[in-house]
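Everything on this sheet refers to the single structure shown next.
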Amino acid sequence: MPCISDTMDSLEGSSKLVAPLWILRHTPMAPVGLDILYEDNHLLAVNKPPGLPTMGVAAGRPSLVNRAKQYIKQNYHKPGNVYLGVVSRLDTGTSGVVLFARTSKAAGRLSEQFRDRTVQKTYWAVVAGSIEPPEGELADWLAKDDAAHQMRVVAAQSRGAKEARLRYRVLRRIGSASALEIDLLTGRKHQIRVQLASRGHPVWGERKYARGPAFEGSLTLHARRLVCEHPTKRTGLEIEALAPASWARFGLENTAGGGT
């Protein structure tokens, strides 16, 4: 069950105060292999495991959205096709919070929040090297390289260039690596991976933008927290996801609801 905080809080980039703030905690694994973080008649939030695509795979192949639809059909006895709008998605190698809309109205309102940048997205990442300074902001311009199927750091005046900004702070040093907490200020494709790799600090497991240290066939990139306004209740919604068990070696405070 969620717990309620009496503290009023505002979403980043918005002057509107949202209260109360609902903090969603870890719940048991659902029957179809889903780690459900929150659900109601409008939303479904899931902790995506690394290695599972969010969507867009060949027919018959497992994906998070297909598992979520199966869960809704079984749990709510829904006949026929199930509507599920993907309003946040993660790379296959990334774990953490993924938010689905169960109605078109919820999908539209949430998509508007993402466009307006009023959704707060916080990630954990373990990167190669000792990043300095221990906290700061990274700003670049990124553009899609269609031939290489990659995003690239480019000059601001380049064709298709879009601004990419994030804030980071070092949670702890792990030998020659750094564990970071990252707040995305923009939401560009592969943004965290590209910006860190371009500075010589690739995420562990990175193969597309650099040669980061290997990590169990996945990336050390975890969508730790998502904060938005509930599309119908108009109250603040904060959802946190536990990092995978393989992250235990990093010694982070990996508890549901931690750090809020």
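First residue of the sequence shown? That's 763 in my numbering, and the numbers climb one at a time after it. Ideal Cβ placement from N, Cα and C applies to all residues, glycine included.
Nearest neighbour of Arg996 by Cα position, chosen from Ile936, Leu946 and Gln875, turns out to be Gln875. DSSP, read as helix, strand or coil, puts Gly870 in helix. Residue pairing by DSSP puts Lys883 in a beta bridge opposite Leu946 and Leu988.
At least 8 Å separates the beta-carbon of Glu968 from that of Gly962.
DSSP links Met817 through a beta bridge to no other residue. Taking a 10 Å sphere around the C-beta of Gly795, we find fewer than 16 other C-beta atoms and assign the residue as exposed. Counting other Cβ atoms within 10 Å of its Cβ, Pro896 stays below 16 and is therefore classed as exposed. For Ile1001, the CB contacts under 6 Å within the same chain, skipping 5 residues up- and downstream, are Leu786, Leu799, Tyr800, Ala807, Val859 and Leu988 in chain order. Between the alpha carbons of Val932 and Asn1016 lies a gap of roughly 15 Å. In this structure, DSSP gives Asn809 an extended state, which the three-state scheme calls strand. Ranked by Cα distance from Gly998, the options Asn837, Val916 and Thr880 are led by Thr880. Taken through DSSP and simplified to helix, strand or coil, Ala923 comes out as coil. Under DSSP, Tyr800 shares a beta bridge with Ala807. Judged by DSSP secondary structure, Arg973 falls outside any beta strand (DSSP E); it is assigned neither H nor E.
Contact between the region 940-957 and the region 901-913 is present, with at least three C-beta pairs closer than 8 Å. Residue environment for Glu991: buried (at least 16 other C-beta atoms within 10 angstroms of its C-beta).
Using a 10 angstroms sphere on the CB of Gly855, the tally of other CB atoms reaches 16 or more, which defines it as buried.
In the displayed model, Arg914 falls within a strand according to three-state DSSP. Cβ atoms of His984 and Tyr833 stay farther apart than 8 Å, at about 22 Å.
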